[in-house]
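Reviewing the structure listed below.
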Amino acid sequence: MDNTDTKKALFVCEACGKMGVKNGNRQKYCSSQSCQNIRNARKSARNKRRTNQKTTY
């Protein structure tokens with residue numbers, strides 16, 4: 058017997074609000090290019106803030 062029933066987790070994209078199927082357990086954004094651009098911009102801003110906090114005395 059071939060069991061092809063696999064459970065997939067759904068999520069709501071933080072950028073556009075569309076529902077999607079997660080490819081990984083930490084996925085927050087869908088795969089559209091505009092959502093990926095938003096994700097990368099937010100990630101860059103977060104990393105810049107972290108860097109500034111480390112270097113500030």
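Number 114 marks the last residue of the sequence shown (the numbering used here); no jumps. Glycine included, C-beta positions come from ideal geometry on N, C-alpha and C.
- The Cβ atoms of K79 and A98 do not sit closer than 8 Å to each other.
- Per the DSSP secondary-structure output, G77 pairs in a beta bridge with F68.
- Residue state for Q90 is assigned as helix, using DSSP reduced to three classes.
- Burial state of C87 is buried, judged by a 10 Å Cβ sphere holding 16 or more other Cβ atoms.
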